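Residue numbers (this note's numbering): 76 to 302.
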Ligand code: ADP
Ligand code: ZN
């Protein structure tokens with residue numbers, strides 16, 4: 076596979092968290108998910124976690140300086156040879172610019188930015204019925220992709236229950252989709268202009284979408300080898 080890190084983009088509910096965890100399992104990436112990092116801080120009761128929660132619970136983005144600082148700290152722990160799948164970061168143009176600087180500082184580069192495309196009504200359906208495994212954090216959609224055995228995680232057998240997250244109420248979901256449109260659309264354009272953006276349909280089963288992503292990455296690798 077071509078060298079370099081990946082950014083996985085997509086609206087809330089597009090499945091980017093599931094897919095980036097999959098890349099970790101199957102392709103040896105390290106996942107850097109800002110939403111997970113904020114939630115980890117919160118469950119450890121850190122000041123950063125408490126501060127982030129005041130934004131997350133309203134469906135707003137955590138301010139760029141706080142988010143970038145947390146990413147910088149996490150990056151310092153990851154060996155340069157390990158490939159990173161960024162999930163949920165960058166979400167603003169300022170974060171995208173900061174990521175460019177951070178990667179350069181660590182001698183890293185972006186291989187590709189993958190955008191999971193999902194129609195809006197499908198997103199609303201998925202987000203309204205989300206459930207999470209409290210052991211491995213796998214996210215299920217009770218309407219679209221429930222666990223095979225109700226209440227039991229497909230991956231680790233842990234307990235799966237609805238609304239483990241406080242940001243899943245209908246009003247907050249609507250707000251999150253709005254913020255995505257205003258703040259994160261421009262990031263898509265930012266990467267599109269640079270010619271690194273690849274769109275992938277995010278509709279289908281987890282395996283189908285995973286196969287699409289793997290195929291894309293393989294194709295990029297083949298194109299590089301031919302150069
Ligand atoms: P989703 O992609 O479904 O919104 P995440 O777990 O990625 O879920 O993010 C949850 C929340 O964490 C976001 O709504 C936002 O408040 C905060 N957050 C995550 N990543 C960022 C980021 N890069 N910048 C600002 N806020 C973020
Ligand atoms: Zn699990």
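For every residue, glycine included, the Cβ atom is placed at its ideal position computed from N, Cα and C. All values derive from a computational prediction rather than experimental measurement.
Runs of the alpha helix (DSSP H) lying entirely within the segment 257-291 and spanning at least 4 residues, in chain order: 260-269. If you check the CB distance, residue 106 and residue 95 come in under 8 Å.
Across the structure, residue 127 and residue 149 are spaced so that their CA atoms are roughly 16 Å apart. Cβ atoms of residue 121 and residue 142 stay farther apart than 8 Å, at about 14 Å. In this structure, residue 135 and residue 254 form a Cβ contact; the two beta carbons are roughly 6 Å apart against a cut-off of 8 Å. The Cβ atoms of residue 288 and residue 275 sit closer than 8 Å to each other. Fewer than three Cβ pairs drawn from the segment 210-218 and the segment 172-185 lie within less than 8 Å of each other, which leaves the two stretches out of contact. Secondary structure remark: continuous beta strand (DSSP E) runs of at least 3 residues inside the segment 139-172, in chain order: 159-162. Under a 10 Å Cβ-count criterion, residue 155 is classified as exposed, with fewer than 16 other Cβ atoms of the shown protein chains found around its own Cβ. Residue 176 carries a helical assignment under DSSP once its states are collapsed to helix, strand and coil.
For residue 95, the secondary structure class from DSSP, reduced to helix, strand or coil, is helix. In this structure, 133 is the residue among 119, 133, 111 with its C-alpha nearest to the C-alpha of residue 247.
In the structure shown, residue 234 falls within a strand segment according to DSSP collapsed to helix, strand and coil. In this structure, DSSP gives residue 115 a helical state, which the three-state scheme calls helix. In this model, residue 116 and residue 234 are separated by some 22 Å (Cα to Cα).
Residue pairing by DSSP places residue 215 opposite 206 in a beta bridge. Burial check for residue 173: the Cβ neighbour count within 10 Å reaches 16 or more, so the residue is buried. Between residue 86 and the set 268, 259, 299, 294, the nearest pair of CA atoms involves 259. The C-beta distance from residue 162 to residue 223 rounds to 24 Å, too long to meet the 8 Å contact threshold.
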